[in-house]
Every structure is written in C-alpha cells, then in structure tokens.
Amino acid sequence: MKRRKGSSDSLLTKAGGELDDRFKLAGPARVLLNKVFPDHWSFLLGEIALFSFILLLLSGTFLALFFEPSMAHVTYEGAYVPLQGIEMTKAYESALDISFEVRGGLFMRQMHHWATLLFMASILVHMLRIFFTGAFRAPRETNWMIGILLFWVGFFEGFFGYSLPDDGLSGTGLRIMEGMTQSVPFIGPWASAALFGGQFPGTSVISMIYIIHVFIFPLILLALITVHVGLVFAQKHTQWPGPGRTEHNVVGFRMFPNYVMKQVGFMLFIWGVIGAMAGLFQINPIWLFGPYEVSVVSSASQPDFYVMYLDGLIRLFPAWELRIPPYFTLPAVFWPAIAGMGLSVLLPLVYPALERRFTKDRGHHNLLQRPRDTPARTSLGVMVVVFWIIGVISGGNDVFAQAFHISLNAMTWAGRIGIVVLPIIAYYVTYRICLGLQQHDREVLAHGLETGILMRDPNGRFYEVHQPLAEPDEHGHTELEYSGWVVPKKMNRVGALEPTDKGFFKSIEEPAENGGAERRDEIESGRK
Amino acid sequence: MAASAKRRRGWRKRLGALARFTGALVIVGGLYSVFSPGLYAQESAENTIDADAVKGQELYDTSCISCHGDSGEGIEGRGPSLIGVGSASVEFQVNTGRMPLANQGAQAPETYPQFTEEEAEWLGAYIEYLGGGAAVPDDLEALVENATVSEGGDLYRVNCSSCHGFAGGGGALSSGAHAPSLSGVTDEELYQAMLTGPQNMPVFADNELTPEQKADIIAYVQYIVNDDRDPGGVFSLGRFGPSTEGLAIFLVGMTALLLTTLWIAGKS
Amino acid sequence: MSAHNDSAHSEPEPVDLSDPKLSRFEVYKEGLRRDDIEIIHYEPRFAKPGTKAEKRMERIVGGLFLFSGLFATLFVVAYIWWPWEYEGAATWRDPQTWYTPILGATLGLSLLLFAVGVLTWAKKLLPVEELVQDRHDGGSSQEDRRIAEATVDGLVEDMGLKRRPFLVKAALLGAAPLGLAAVAPLGALLKDPGDMLTVTGWNAEKYNDGEPVRLMMKDGALLRPDMVSVGGQLTVFPAIDHGATNEFPTAPVLLIRLRETDAEILRENLYPMYQDVDALWGNFVAYSKICTHVGCPASLYEQQTQRLLCPCHQSQFNVVDNAAPVFGPATRHLPMLPIDVDDEGYFIATSDFLVPPGPAFWNRPSLPEEDEK
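Residue numbers (numbering that gives the first Met the number 0), protein chains in the order written: chain A, 0 to 527; chain F, 0 to 267; chain E, 0 to 372.
Okay, structure coming up:
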C-alpha cells in the first residue's frame, strides 16, 4: 500500500517503509485504520470516564509533586491567616501549601477533585446506558463485570483521595470508616487496628492510603480500563437496530479519520469543561475545615456524592443492634454499610447471569434493545435508580432539611418509608409506561400515522385519516413488523411534511449545492 | 456593611450617655473614655437604667406580656421566664426579628425586626432592671480589633462548627430546629448569641469563653464568612459541601457533556 | 452509491494487486474487502471542492483553532504574571482572588474552542460515509478449536500430568505454603487491638499513676465548676499528657451544666450503674462526645429540647435520660463519665467510662446493666 510512488509524500512513504521493515505494521495498521464504529450519542458516555481518568492521572501527578503524606505534627506558618500557629499534620500542611503557596496549585487541586466527580458520575451514567439497552448480555458479560469493578475501585480510590488532606472533613470520613470496619463480625477490631496501625487515627493511615491512592489503585484502574476498552475493540461495539443492521455486522464509519477526530474533540471538550469548572466553582475548601481532631465536627458532614447513597442508607437504617450477651455484638451500621456495600458489589456483578437464567436467553447479542421492549429489566433498573436517589438524598438530608426548612426527623422518616415504597411504585409505573409505549409503536405500525385530517362518513361518523407506513399487500394490509427501532410518529418524519426545524439557536438550512434541501429523514423502522 | 452600622450604634450609645453628664464630666469623662471606654460605659449604665427601663416597660406591656407574663416571669407553654436573661439576650432576639414571635413553631425564625434598635435597648434595660443578667461589653470593637483570628478558628471548630458548620453556613438540628447561618451577622449579635445562648444554643458565658476568646471567635467568623472572598472560584456553591458539589457535577458538568454527545453524534 | 438492503450486497471480488493500472481507490477498497468492510454510502461533504460554503467552514474551523491558541497564550501569561499569592482577607477587587478563575476560564475556553474546532472539522468537512463491517462473532472455527485442543493435549501429555499424579499433588502441596509465604508479610500490619476500644484517657491506673484524672479544656486549663454556666456546655479532655490530642480518640467528653429542673429529671432517670457510682456532680453531667453509632462527635447540644445530635447520621440522644438514643441509627446511650470535684476545687473523673465509649464492635462486652432503663 505504501509503496506507491509520489513526490509529495515520499518522505512519509519512506518512513512508513522503515517502520514496517522493523515492526511489520502494514497489516495490523490497516485493520486499525479501517475498523468500523457505530455512531450514537449514548455510545460516548464511557469516554467521559476514560478522558476524566487521563486528566486525573495528569493533575494527580502534579499534586503528588507537592503533597507529603505524613502525619508528623507541625505548626502551620503558611499564608492562610486563620490557621497560622495551629498544630496540624504534615499532610494537611502540604495540602494547604498546594492551595495557597504553589502557583496554580489550588486550580490543580480543584481540577483533580472535579475530574473525580465527573469520572464517577459518568461511570454511573454509562452503566445505566449499558443496563437499559441490554448491552451487558452475552458475549459482553465479562466487560460488564469489569465495569462494575471499575466503579468500586474508583469509589475507594475517590474516598481515599478525599481522606488524604487530613482535614476536618476527611478525618470525619475516616472515623466513620473506622466504625464501619469495627462492625464486621469476628475480624472487625483487628481489621481496624491493622488499617490504622493501632488505635484510630494513629500515625500511619495517611501514608498507607497514599500509596494505595497514587500507586496501587491507579495501576488497577489502568489495567482494568485497558482490558475494558480492549474488549470493546475486540468484541466490536454493539449497535442499535435499524435498516441494514444485523447481529452480524457493524454499520458506522471508519476509526480514522472520523471516529478518532470525534474522540479527540470530545476529549478536549471534557477537559475544557473540567478546567472551566475547576477555575470557576470552588470545591472542597480544606482551609475552612481545619486539621482533623477527634472532638471536632461540622454540621452537614458529607462524603462525596458517589459515597453519599451508602451514607444515606446508614442514616436511614433503624437502630437494630444484635446482641449475643455477654460478648458479641452486631452493630446496626453493619447492615447498611458492610452488607449493603457487599450487595451493591455483588448484585450488579451477577445480574447478567441472573437475567440469562430467568429469560433462558442463551444467544449472542450485538443489537441493543430499546428500554421499552424489555419492561421487566427497565422497571428493575428504574427501581434501583429510585432506591439510589433516595439514598443519596438521605445522605444529604441535613442539608435538605436546612435549605428547605424541613424537619430533620421528618426527612429521615420520609427516607425510611420512601426507600421501601417508592421503588415498588417506580417499578409498577415504569412497567406500565413501557407497555404503553410498545403499544403505541405497534399501533402506528398497524394503522399508520395520525394525519390530523378528520373525515366524516355518510353515516355521520367522524374518523381520522391515518397514513399507512407501507404499501398495501395483495390483501390490502399495510401492517408492518416491529424491528426494535424508532417508529416515526409524525408526518414530517416520513417526509410528508417539511422537516421540523433543526439547529440549536437558529434553524439550519442545508446549502442547496449539497443537495440537502430535498433530503428527508428516511423511514428508519418497519421492514416488511 | 451591616457590621459598620452596628459599630456606629455602639458609638451612639456612648454619645447618648455622654450627653446625660454635666460639663465637668464632659471634660474629665471625655478624656477618660479615650483611655478606658469600658469602665466609663459601666458607670453611665447605672445612671440611665430607669428612664430607659420605663420606656421599655411600656413596650413590654404591649408586645411581650402575653407570652412572657406580667413582669417577665414567663407563662407555662407560651414563653420562658425572662428574669436574669439580661439585656444582651433581649437585644439579640429583638434586633434579629426573632421576637416578638408571630406563631409558635420549632424555633423562632429570623425575620425583619419590629422594633428600632433604640426600642430594643429600652426593652433590654427593662429586662435587666427585672433581674440583671449579661450585657455586651462596650469595648467590643477594640476587643475584636485586637483578636487573634487563628485562635478564634480553633475555638470555633471545637465549640461552634458542630452546629453552624465549618463554613458558618448553619445546620439542621432535631425536629425542625436549625442553627442559623452566620453570614451577615454583626459582631454584637454574635457576641450576644454566645453570651446568652438564645433558643437551643448552649450558653457560652464569660466563665466558659472569656470576652477575649469570644472576640477571637467573632474575628474568625467575620474573616471566613464576610471578609475573605473565597479563594478558588467565582461560585462557592453555597458552601454546603459535597452535596452541592455532587449536584453541580450533574447539573453543570454532566449536562454540558450530554448535550455535547448529542451534538457530536447528531446528523450533520 | 447507497445500498440499504442486505440482499443487495454482492460479495466484491478480490483484485489483483500487481495490476499496475489499479487506482488508489481500488487498492484501498481491496484493503476494506480483506477486513470484510463494504462501503454503503460515501460522498464528499462538498460536492464541488472550493465552494464558498466550504471556504466559510474552513474559516470557522481555522478561527476556532486560532482563538484557542490565543486563550492558551493568555493562560500561560496569567499563570506567570497574574498576582496569585494569598495575602490575607481579600475582596473581589484584589487581583489575586481572580487567579484561579482566570486560569480556569482561559484554559477551559482554550480547550473548548479547540475541541469545537476538531469536532466541526469532523462533522462539517469530512466526507459523509457509512460503511458496514462483518462481525465474526461466536468463537473460533471448528478447525482452530481442534488444533488448539490437540496442542493443549500434547502439552499435558508431554508434561505427563495425567501419568504422574504424585508430582501434581506434591506441587500443589508445595505451592500452597509458598502462596501463604507471599501473603504472610502483610501480617506486619496486624496489631492486637488489646484494650484500645475499652480503655480511654480517663483511666487513672494506666495514664495518671492511679491519681484520678482531672478535666481540662483544649488549651490545658483545668476545669472548675464555676467555669460552666447554667445551660452551657464545654468539650473537655483528660488532663494528662496529650490528653486533648488525637492520641486519645475516645476520651473527649461533653460537660454540661443542666438547669435545676432538667437535672432533677436526669437524677430520676439515672441508670442504676450510674447511681451506684454517683456519676453526677451537682447539676453537672459529663457524656462521652463520641457517638455510639460510628464515632463522630455527637456534639450538637440543644439546651432547650435537651437533645444531643450527631451531625454525621442524625442520631439524637436525650440529655436528661442518660443520653439514651431517641432517634436515628444509634442503639446505645452515650456513656457517662462519673465526675466529682477534688479538694482543690477541680473536676476529676472518679473512674473511666463504665461501658466502652464510641461505636460498637464485634466483641464489645455488653453489660447487663446498660440495658436497664
């Protein structure tokens, strides 16, 4: 391919030749350059996590240059006046120095923190997309499990990062972790002593979680992400059903230049959003929290949002402590914190296997499902989402109570009742909505589009004229089969009327030379 | 801004007292007050208590008596006894609009004051006349000026942040009660609140926190809440901590990026 | 060019690459064919190159890149020359308070503009294309599987895994302790929790040579009864070395001076174990500040409702009923520190807490006394 004679790119050809001589690249490079990717907005959500992660590595490296993970005691002599002369740990002092005495350090710290939040948020949103469209089904169960692991490693990576500055808030978080650890049957106190090198908070925990935060977990994340992306590449991306799209092909555009340019553009966009947020929105003002002291706490002490649902569960769980006198106690916190977290890891991991078992669906699937077509799964998903949201809100119920002048106790009770009742209601409502949407799709395929034209027959009966979506067959039937993709519901979607206006701020008219004006959206669904 | 208005009020109080003295006192006392304003104010208070207290009693009998009783002894189930609460407490409650109370609830809400500051002083004088109690020192301004911000921060975190939050934004208490936000609160109000423990707030009288320590706390609160612009951003997200940060990442970050995905993958 | 129907596909024929008359496109298509890719739609974005519309789009994209560069330059300039050092309380008029926002705005804008430039290039200038590639899903071919099986079987045979069961067992038996040896160094982390969860800084024998431990404030001042006023509360620590530091994480105590009426109620409600040791002194009561739920300082004292609230999970304790939990997830009362006043007029703790303070743990001794109401 590259042996072509040419004047302008002869240098490139030569370089390519030299490389190929050594690494035998021509074949694999062609496969890579030509690989076809499907295109849909919902396929870009995982990328947000990927590119936030890259930014996390970059900004984290900057912070690591200045952070000292030591719990040795020092007296603060830095620039921030309200803390001058205060005893604190070296870790907190260096975190303050990053904020006040390192040029651009505060910007970097805020960027690191916002990127973390975006990383976790996009994993969640990406996970929802995978779940609701059935993209986790065979042959992709492994990648789903890797994704779940990525979330949980990210969860602890984030929590450890939150703990590192050793400020008042992070210490409170560690204290709660101590209480949770102690509640584990049999090993609790021993595990806690191992974690904190004796009694909480001890003098070693910061350096221990530092090495986990900057080395062990990033390495695990990096490895898992590599496998995750590699599997997507090797197994080829799923695609939505549609004309010409089958279980055995991929319809889209080439990796180069189209896909890669969009990816690079999106990466820069994500970084731009994080950069702007890092400069404009203050996050985690550690200088207000002071050094961690066991007797100090703040109202509205919250973990970051991805931990908040767990904190919410801990708040909502009733005071049920199991006692087996004279020894052995199973504290109330064990159920939401340890058992709850365990289930939150386990259930998503085994979900693909469970679904396989109940639906007895053993096939390979490369086409996605619309959420409405799998009402049971969709409703289950919405149920979990509602449960999670109530958990998150309850995790911040004191802030809610204060901001909206609601009684704190009422918030807790609303959460306790809501977290049991609302998911069930959500399941039922979602199920009905799914069925309704399905029915409407079938109806349009069977009888055609509503045209808005009312007619009156000789008997005086009014009826609306429907525009069938297909030519009548020999029996005069126009019924189409549902193909799992969007059914046009409006006349302009089939070209019978002018297309609806497109464009964000002003309507986009396609230039005539492009031949765009005559183009209409094609009927994308309903094959005979 | 509000703080300076309050400081002016402190001056007015001192000037008002000054006017009640005769010429000799003007010369001697004027000189004296420069060197020892606290001592001077104490003397003057004893002289003025009756006149102001009488005016205060008139106000009390129309606005407070229905809940706090004939002579401030309180009515079971309606209002607590005011004997011994002192002028600082009365001025705090009245100047922040917490009293008179519109209706019984979990907690008296902060609203617009219904009396002028002068009237609040009269009321305070009357209550002090009924049973004494704590008052704000007149040299508060000097105390705050000489305060050590960092020591105030230390004290704030041990004694105050558990309810009012690390950032002074306030917090929720049990059953609908709440600790108010400290933003825009004047030095005097902060001092009065600590001194008297209004509503559910514990009392931090002079034996728990000396006037100097209270001034340290005031200086710290004013520093972080009112004086210092938040480093690191244009928006502080209400200083609610991770809750609003989580909201922001979804409402700002995720929303912007979801719209972008629609644009990127949209037909062009 | 476009073909939307599966049946319309005709398998393209392989071409002879040695044919010198092949065009670049034909060579390229042969590459696609080898990767099972077929073009179903391909057209340049602009039918005629060099039209006004195309030029306009080029100008837009170019402009975006140039502006991006401008903002990146501004970022670097601001990073170097904008005043940034913190100099005490500052208002929005002080330039250093704008340092971080300016960094964010310039870097953010620069990245966003470049991103929009690249994306516009991809969306508006690249050819419109739609290709279809075959998946080869569902495992390898039967042939490959057979070859792989035979290879693995050969391997097993060569090693004699089936014929030498003793070796296999010996290897496993040897490897198991080896695995253990690899993990064993982690045991260095293990520490006997000992009495760390049950003994606090108030323990006279352990920390104060048997002398009752006095109460002190954070700054070291010893506590006398006249230092707390009615309706007031103070956080106090054991008056021992480092008593107010994190070395004694279960020691902090909230000393409350109750009103007479509230103190009466408390005295009536007092658990027998506290009655036995005369835990109150006058109207003073001292409760552990460490929440029995998961250990946050339960320190939101409401002096009218007589509740103590923990800000982490909203457990609420009734101060006039032994700090028994009345709401939230906490299950046990905040342990009371028995206090007294010594000859010199200072508060002392007459003993350590009667029950372990702080969060519950697996082997926490649950004493029968504490269940009594």
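Cβ atoms here follow ideal geometry from the backbone N, Cα and C, with glycine treated the same way.
Classification of residue i by the beta-carbon crowding that lies within 10 angstroms, buried from 16 upward
{"i": "Leu257/E", "result": "buried"}
{"i": "Asp310/A", "result": "buried"}
{"i": "Tyr308/A", "result": "buried"}
{"i": "Met216/E", "result": "buried"}
{"i": "Met158/E", "result": "exposed"}
{"i": "Leu116/A", "result": "buried"}
{"i": "Pro302/A", "result": "buried"}
{"i": "His474/A", "result": "exposed"}
{"i": "Glu92/A", "result": "buried"}
{"i": "Val167/E", "result": "exposed"}
{"i": "Lys235/A", "result": "buried"}
{"i": "Pro248/E", "result": "buried"}
{"i": "Lys51/E", "result": "exposed"}
{"i": "Glu12/E", "result": "exposed"}
Beta-carbon spacing of residue i, residue j below 9 Å
{"i": "Pro330/A", "j": "Leu312/A", "result": "no"}
{"i": "Gly390/A", "j": "Ile418/A", "result": "yes"}
{"i": "Leu336/E", "j": "Ala262/E", "result": "no"}
{"i": "Tyr98/E", "j": "Gly103/A", "result": "yes"}
{"i": "Leu69/E", "j": "Ser109/E", "result": "yes"}
{"i": "Tyr128/F", "j": "Asp49/F", "result": "yes"}
{"i": "Ile129/A", "j": "Gly153/A", "result": "no"}
{"i": "Gly362/A", "j": "Ala137/A", "result": "yes"}
{"i": "Pro100/E", "j": "Gln181/A", "result": "no"}
{"i": "Gly87/E", "j": "Phe199/A", "result": "no"}
{"i": "Val377/A", "j": "Ser393/A", "result": "Going by the sequence as given, residue 377/A is Thr instead of Val. Cβ distance not < 9 Å, so Thr377/A and Ser393/A don't count as in contact."}
Residue i, DSSP secondary structure in three states
{"i": "Ile223/F", "result": "helix"}
{"i": "Asp166/A", "result": "strand"}
{"i": "Pro224/E", "result": "helix"}
{"i": "Val354/E", "result": "coil"}
{"i": "Ala171/F", "result": "strand"}
{"i": "Gly209/E", "result": "coil"}
{"i": "Pro13/E", "result": "coil"}
{"i": "Leu54/A", "result": "helix"}
{"i": "Ser182/A", "result": "coil"}
{"i": "Gly278/A", "result": "helix"}
{"i": "Pro108/F", "result": "coil"}
{"i": "Ala278/E", "result": "coil"}
{"i": "Glu37/E", "result": "strand"}
{"i": "Phe360/E", "result": "coil"}
{"i": "Thr237/A", "result": "coil"}
{"i": "His177/F", "result": "strand"}
{"i": "Pro374/A", "result": "helix"}
{"i": "His439/A", "result": "helix"}
{"i": "Glu463/A", "result": "strand"}
{"i": "Thr234/E", "result": "strand"}
For residue j and residue i, believed in contact at Cβ under 8 Å, the rounded distance
{"i": "Arg134/E", "j": "Val250/A", "result": "Rounded, the Cβ-Cβ distance is 11 Å, inconsistent with contact."}
{"i": "Leu143/E", "j": "Asn33/A", "result": "Leu is not the amino acid found at residue 143/E; the sequence shown has Asp there. That belief does not hold up - the Cβ atoms of Asp143/E and Asn33/A are roughly 23 Å apart, past 8 Å."}
{"i": "Ala264/F", "j": "His39/A", "result": "6 Å"}
{"i": "Glu128/E", "j": "His40/E", "result": "6 Å"}
Sequence-distant residues of its chain with Cβ nearer than 6 Å to residue i (five each side left out)
{"i": "Val25/F", "result": "Residue placement at Val25/F is flagged as unreliable, the pLDDT there being 49, under the threshold of 50; a coordinate-derived value is accordingly withheld."}
{"i": "Leu353/E", "result": "Met272"}
{"i": "Glu42/F", "result": "The pLDDT assigned to Glu42/F is 42, lower than 50, so where the model puts this residue is not dependable; a value taken from the coordinates is nonetheless given after this. Excluding sequence neighbours, Glu42/F sits near nothing in its chain."}
{"i": "Val89/F", "result": "Leu122, Gly123 and Ile126"}
Any non-hydrogen atom of the ligand GTP within 8 Å of residue i CB
{"i": "Ser161/F", "result": "The model on display carries no ligand, and the ligand GTP is accordingly not part of it."}
Other residues of its chain near residue i: CB distance less than 7 Å, five sequence neighbours each side excluded
{"i": "Trp286/A", "result": "Tyr79, Leu82, Leu95 and Ser98"}
{"i": "Gly160/A", "result": "Thr115 and His212"}
Sequence-distant residues of the same chain with beta carbon closer than 8 Å to residue i, five excluded per side
{"i": "Ala352/A", "result": "Glu140"}
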